[in-house]
Amino acid sequence: MQNGGGDHFQSHYMPNTPHERAEMLGVLGLDSIDDLFTDIPSEHRNPPLNIPPPMSELELRAELQAMAASNYDAGSYASFLGGGVYNHFIPSIVRPLMTRGEFLTSYTPYQAEASQGTLQAAYEFQTMVCNLMGMEAANDGMYEGASSLAEAALMACRVTKREDIYILDTVSPTYRQVVETYARPQGLRVHVLEAGRPRLAEGAACLVAQYPNYFGYIEDLAAHKVAAQERGALLVVSADPVAMGMFRPPGELGADIVTGEGQAIGVPMSFGGPYIGLFASRKEYLRQMPGRIVGRTVDAQGKTGYTLTLQTREQHIRRERATSNICTSQALLALASAITMAALGKRGLRQVAELCYHKAHYAASLIGRIAGYSLPIKGVFFKEMVVQCPASPSVINRRLLESGVIGGLDISHIMPRCMLLCVTEMNSRQEIEALAGALSEFSR
Amino acid sequence: MTARQEDFRRLLMERSVPGRVGAILPTPDVPLQKLPDESLLRKDLDMPEVPEPEVVRYFTNLSQLNFSIDTHFYPLGSCTMKYNPKVNDEVAFLPGFAGIHPLQPDYQVQGALKLMSLVQDYLVEITGMAASSLAPLAGAQGELCGILMIQKRHQERGEGHRLKMLVPDSAHGTNPASAAMAGFRVVSIPTDGRGNCDLEALKKEATPDLAGMMITLPSTLGLFDQGIVEVCRVIHEAGGLVYADGANMNALLGQVKMGDLGFDVMHLNLHKTFSTPHGGGGPGAGPVCVQPVLQPYLPAPVVERRGADGRETYTLVTPEKTIGKVAASHGNFGVLARAYTYIRTLGDAGLRQVSENAVLNANYLLERLRKRYHFPFDRRCMHEVVLSADWQKEKGVRGLDAAKRLLDYGFHAPTMYFPLTVAEALLIEPTETESKETLDLFVEAMNAIDREAGEAPELAQGAPHTTPVRRLDEARAARRPDLRWQRDGG
Chain A
1 MQNGGGDHFQ
11 SHYMPNTPHE
21 RAEMLGVLGL
31 DSIDDLFTDI
41 PSEHRNPPLN
51 IPPPMSELEL
61 RAELQAMAAS
71 NYDAGSYASF
81 LGGGVYNHFI
91 PSIVRPLMTR
101 GEFLTSYTPY
111 QAEASQGTLQ
121 AAYEFQTMVC
131 NLMGMEAAND
141 GMYEGASSLA
151 EAALMACRVT
161 KREDIYILDT
171 VSPTYRQVVE
181 TYARPQGLRV
191 HVLEAGRPRL
201 AEGAACLVAQ
211 YPNYFGYIED
221 LAAHKVAAQE
231 RGALLVVSAD
241 PVAMGMFRPP
251 GELGADIVTG
261 EGQAIGVPMS
271 FGGPYIGLFA
281 SRKEYLRQMP
291 GRIVGRTVDA
301 QGKTGYTLTL
311 QTREQHIRRE
321 RATSNICTSQ
331 ALLALASAIT
341 MAALGKRGLR
351 QVAELCYHKA
361 HYAASLIGRI
371 AGYSLPIKGV
381 FFKEMVVQCP
391 ASPSVINRRL
401 LESGVIGGLD
411 ISHIMPRCML
421 LCVTEMNSRQ
431 EIEALAGALS
441 EFSR
Chain B
1001 MTARQEDFRR
1011 LLMERSVPGR
1021 VGAILPTPDV
1031 PLQKLPDESL
1041 LRKDLDMPEV
1051 PEPEVVRYFT
1061 NLSQLNFSID
1071 THFYPLGSCT
1081 MKYNPKVNDE
1091 VAFLPGFAGI
1101 HPLQPDYQVQ
1111 GALKLMSLVQ
1121 DYLVEITGMA
1131 ASSLAPLAGA
1141 QGELCGILMI
1151 QKRHQERGEG
1161 HRLKMLVPDS
1171 AHGTNPASAA
1181 MAGFRVVSIP
1191 TDGRGNCDLE
1201 ALKKEATPDL
1211 AGMMITLPST
1221 LGLFDQGIVE
1231 VCRVIHEAGG
1241 LVYADGANMN
1251 ALLGQVKMGD
1261 LGFDVMHLNL
1271 HKTFSTPHGG
1281 GGPGAGPVCV
1291 QPVLQPYLPA
1301 PVVERRGADG
1311 RETYTLVTPE
1321 KTIGKVAASH
1331 GNFGVLARAY
1341 TYIRTLGDAG
1351 LRQVSENAVL
1361 NANYLLERLR
1371 KRYHFPFDRR
1381 CMHEVVLSAD
1391 WQKEKGVRGL
1401 DAAKRLLDYG
1411 FHAPTMYFPL
1421 TVAEALLIEP
1431 TETESKETLD
1441 LFVEAMNAID
1451 REAGEAPELA
1461 QGAPHTTPVR
1471 RLDEARAARR
1481 PDLRWQRDGG
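As given, the protein sequences belong to chains A and B, one line each in that order. 416 is the number that this note's numbering gives to position 416 of the first sequence; each next residue is one higher, with no gaps. 1392 is the number that this note's numbering gives to position 392 of the second sequence; each next residue is one higher, with no gaps.
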């Protein structure tokens, strides 16, 4: 039986009944719905549509719960996987606030008078991103960390009017691929440099670094700044916002443009998205920035209000001369991140960072003592570290899973038998010790 | 403004009181480790100190300053502001979906990959294409991917000189912006008097340097181009490929397949057609669907299904000649999960009805508004309709004024001054989830605004009067950018 009886399917999302449809068609002087579609070539009208029939919420929910439950999630397993996406604490207030219909189901705030909530929250987000990164101007967010970095590299080329992007080999390989995808069609060249003592050629537009780097270690940004400056190039940094709870922000160390993956602050891992790309720069480059920017101003009666601003950079005004094609971005995740930063605040952000640091270093001290394991990279790391294993990381990871542990990222294609291990405040001492115990089963 | 209203608009940093906390974190349960050298650590972290109840009240009060689909009719043309089903959000937040990491090996995330594989299948079926990639994170990124595929295909055939991309004058701004980002030269093609692509102008541009054309169907004028098959034929004959901007797919679900009309590649906006929430400006998702000719070039990764008969396994793979990766991960999975839930809920019958009701509602508004408003294209519209407020402008009420006045009547404004080719344009898209009663109320409001234009134009000129703020000084915002709170007031 179809819902509504007879052959007609009456969806709970659509109010029009067959009776009302007939009535409205009558107003149009038409007999059938088909009369509305006569502009479509008749030979292509009403094609077969091989999609399953409608399904009730009750049945569908059961099916999807089973589909979701077949995955190995960080709530049911102790996860030590990072590599750019992280399992961090999200306060309980974030989800109910961000999913309030007034935030969730509104559009990009082009009608400022009807969107003050979204706009003011965006201004808060921009403020906190600037404070966290030590920068002067931030936008309301990009798609995610990698494309945000790619747009920063393009921006550096616009600012310097140069075409050569230099990127350190300690930047995430995936991020480097995305920079390539964005840069190549514009005729820009991407060069990969060894991080030790980067040397830029003349005419370099920017030097791109990651902080902490892909392997979890703190880069010497001040030295990179000198290398960039010698060539008149900009320093572009992709930074982990969680690390900024304790480490010196890139803005203080000379970064000209700072990007980051904001997922770590307030956004679930969700198998890759939706996330929130952070984007901040020095004030002088503001007009070359991509993305939506919210500004504070006054209304016709002198009252403070917020509005999208500097829109002449954007595609809906500037079209093919825009700074980017970006339109719909990730505003809701910027909101989630802003709520999280507000809740964690000055003290919480520091605590989260230090918890990560202590737990990661505790894990390192345990694992470093297991025969056959070593930490091949020397230097200061934050919450991730490279561990060289006595066997293939993928083999070890399969065994770890049997002990209820999702292991680190297999990076043996970059460093032989190495895994990138991540420890956050979400990992208890018990989990860390269980990990070390399980690893020692492979020890030589 | 009441004292209470003043209070809840105070910013977080203005509320901050030293010593207050908004979250409690655990005491370290591991032995404390030696911290790095001081020189690496930050001295200060200038962030708010606000207790949890105040954070909750602050953001709740802020939310109430918004218009939204959940609270208002939101007929914003080209944006498809339809009802966003709540079950979709619930699914996206299931622990087995929200709590998985994108770098987990395939064998740990088979359920998620299966969902992605099915979304690929459904989108391919709906568009009549051959294959799909869910990687693009929004419509504009989908566009960029689509035309990068076209570019790479030309290059691999030794036709890298094809650098001209045609874009109709009515196109959304992202089309020319994406074409420019991909390194194309953009040439605008005019619209004829019927609202179709000007075929004669098109033929003049069908030269050997033609890469292709980006076409929105139905167009941003809310019209189905009556010559679309011929347009595709002309482009193909000149060696170009045709890109479809699927922003307006809400008009066509189950009515026609883009692949049958001659399109080679298209993107879909899941946050429009497939009801995932707009979130105040994202997240979206902009999957691309292609004909076989472009399949090897799809953005990475795509999900491949192996095996059959209940023993299927799913793997992420990189297409042979991929244009590359456009994001670190493999798509906005949470958005895909919502769209999947939506497609399954409506099913074949429901999806067809989406377009039927969306087109019916738009035509109903057109019919009921045509006495008082000027509709520059006197023909059947699709899911949205563009009117010109030029009759009202003669009385001193511009399109902008009418749009702002609608806010006072409790309706979100239509899209204003777009498409650029229509003077005083108001682009109205009611969507299928609105009832006849709501449409009738909207017509009454529009009629009242027209009456007011004759009797008291200052009402619209000074509108809105009832919103939390009045018209904002945008010139000042741009001239003296104030983009963050600063202790000294900046």
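We put the CB at the ideal spot given by N, CA and C, even for glycine. The structure presented is a predicted model; accordingly, all values stated were derived computationally and were not measured.
Beta-carbon within less than 6 Å of I497 (chain A)'s beta-carbon, same chain only, minus the 5 sequence neighbours each way: which residues are those?
Absent from the model: residue 497 (chain A). The displayed extent of chain A is 1 to 444, so no value can be given.
Would you give the residue range spanned by the beta strand (DSSP E) that V1293 (chain B) belongs to?
Careful: V1293 (chain B) lies outside any beta strand (DSSP E) and carries neither H nor E.
What distance in whole Å lies between the Cβ atoms of E1437 (chain B) and R1398 (chain B), which are believed to be in contact at a cut-off of 8 Å?
Incorrect: roughly 29 Å between the Cβ atoms, too far for contact.
Anything in chain B within Cβ reach of F215 (chain A), meaning under 7 Å, just list it in chain order.
None at all; the shortest Cβ gap to chain B is about 15 Å.
Assuming R1198 (chain B) contacts P1190 (chain B) (C-beta within less than 8 Å), just tell me the rounded distance between them.
According to the sequence displayed, residue 1198 (chain B) carries Asp and not Arg. Indeed they touch by this definition, with Cβ atoms about 5 Å apart.
Mind checking if E354 (chain A) is an interface residue toward chain B, Cβ cutoff 9 Å exclusive?
With 9 Å as the cut-off, E354 (chain A) counts as an interface residue toward chain B.
By Cβ distance, which residues of its chain are closer than 7 Å to A353 (chain A), with the 5 residues on each side in sequence left out?
Same-chain partners within the cutoff: V242, A243, G245 and M246.
DSSP three-state label for K283 (chain A), please.
DSSP places K283 (chain A) in helix when its eight states are reduced to three.
Compile a chain-ordered list of the residues in the region 343-370 of chain A whose CB is closer than 8 Å to at least one CB of chain B.
Result list: A343, L344, G345, K346, R347, G348, L349, R350, Q351, V352, E354, L355, Y357, H358, K359, H361, Y362 and S365.
Taking the alpha-carbon positions, what's the M128 (chain A) to L149 (chain A) distance?
Computed Cα separation, rounded: 19 Å.
When DSSP labels each residue in this structure, what does N1332 (chain B) get in the three-state scheme?
Reduced to three states, the DSSP call for N1332 (chain B) is coil.
Can you check whether the C-beta of R1379 (chain B) is within less than 9 Å of a C-beta belonging to chain A?
So yes, R1379 (chain B) belongs to the interface.
Between which two residues does the alpha helix (DSSP H) holding D1401 (chain B) run?
From DSSP, the alpha helix (DSSP H) with D1401 (chain B) extends over G1399 to D1408.
Quick one: list the residues of chain C neighbouring L1400 (chain B), beta-carbon separation under 9 Å, in chain order.
Of the protein chains in this structure, namely A and B, none is chain C.
Chain B beta carbons: is any one of them nearer than 9 Å to that of G5 (chain A)?
Model confidence at G5 (chain A) stands at a pLDDT of 47, short of 50, so the residue's coordinates are unreliable; what they give is reported in the following sentence. Chain B, which has no Cβ nearer than 9 Å to the Cβ of G5 (chain A), makes this no.
Of all the options A:A228, A:E20 and A:T181, which has the alpha carbon lying nearest to the alpha carbon of A1328 (chain B)?
Taking only the C-alpha atoms, the option nearest A1328 (chain B) is A:T181.
Would you mind stating whether Q1104 (chain B) and Y86 (chain A) have Cβ atoms separated by less than 9 Å?
Result no, Cβ atoms of Q1104 (chain B) and Y86 (chain A) do not sit closer than 9 Å.
Let me see if you follow: with CB-CB separation under 9 Å, is E284 (chain A) close to chain B or not?
It does not; no Cβ of chain B falls within 9 Å.
Can you tell which of A:Q177, A:M419, A:E402 and A:I367 has the C-alpha that lies nearest to the C-alpha of S443 (chain A)?
The candidate whose alpha carbon is nearest that of S443 (chain A) is A:I367.
Assuming contact is defined by CB atoms lying nearer than 9 Å, are L132 (chain A) and P249 (chain A) in contact in what I supplied?
A contact, by the Cβ cut-off of 9 Å.
Buried or exposed: which applies to K225 (chain A), given that a residue is buried once 16 or more other Cβ atoms fall within 10 Å of its Cβ?
It is buried - the Cβ of K225 (chain A) has at least 16 other Cβ atoms within 10 Å.
Tell me the rounded alpha-carbon separation between A360 (chain A) and G266 (chain A).
For A360 (chain A) and G266 (chain A), the distance between alpha carbons rounds to 20 Å.
If contact means a Cβ-Cβ distance below 8 Å, which residues of the region 293-305 of chain A contact chain B?
Within the region 293-305 of chain A, the residues whose Cβ lies closer than 8 Å to some Cβ of chain B are I293, V294, G295, R296, T297, V298, D299, A300, Q301, K303, T304 and G305, listed in chain order.
Based on the DSSP secondary-structure assignment, which residues constitute the bridge partners of F1184 (chain B)?
Looking at the DSSP assignment, F1184 (chain B) forms no beta bridge with any residue, so it has no partner.
What residues from chain B crowd round C130 (chain A), counting only those whose CB sits closer than 7 Å?
Chain B residues near C130 (chain A): R1484.
If you compare alpha carbons, which of B:L1123, B:M1181 and B:F1097 is closest to A1112 (chain B)?
Of the listed residues, the one whose Cα sits closest to A1112 (chain B) is B:F1097.
Would you list the residues sitting across from N87 (chain A) in a DSSP beta bridge?
DSSP, once it has assigned bridges, lists no residue as partnering N87 (chain A).
Kindly list the residues whose CB is nearer than 8 Å to the CB of N213 (chain A), restricted to its own chain and excluding five residues on each side of it in sequence; keep chain order.
Within the same chain, N213 (chain A) has close Cβ partners L168, T170, V171, A195 and E219.
Verify whether the separation of the beta carbon atoms of A205 (chain A) and C130 (chain A) is less than 9 Å.
It is not a contact, given that the beta carbons lie outside the stated cut-off.
Could you give the residue range of the alpha helix (DSSP H) that holds V179 (chain A)?
Element bounds for V179 (chain A): P173 to A183.
Would you list, in sequence order, the uninterrupted beta strand (DSSP E) runs of no fewer than 3 residues that lie entirely inside the region 276-329 of chain A?
As far as the region 276-329 of chain A is concerned, its whole beta strand (DSSP E) runs of at least 3 residues are 277-281, 294-298 and 304-308.
Quick one: residues in its chain with C-beta nearer than 6 Å to the C-beta of R1380 (chain B), no 5 flanking neighbours on either side, listed in chain order?
Excluding positions up to five away in sequence, the list is empty.
Using 9 Å as the limit for Cβ to Cβ distance, is L1360 (chain B) near chain A?
Yes, its Cβ sits closer than 9 Å to a Cβ of chain A.
Starting from S1133 (chain B), trace the alpha helix (DSSP H) in both directions and tell me its first and last residue.
Careful: S1133 (chain B) lies outside any alpha helix (DSSP H), inside the beta strand (DSSP E) at A1131 to S1133.
Using 9 Å as the limit for Cβ to Cβ distance, is E1200 (chain B) near chain A?
No, because no Cβ of chain A sits closer than 9 Å to the Cβ of E1200 (chain B).
Smallest Cα separation from P1168 (chain B): which of B:P1419, B:L1459 and B:R1484?
Here the closest residue by C-alpha is B:P1419.
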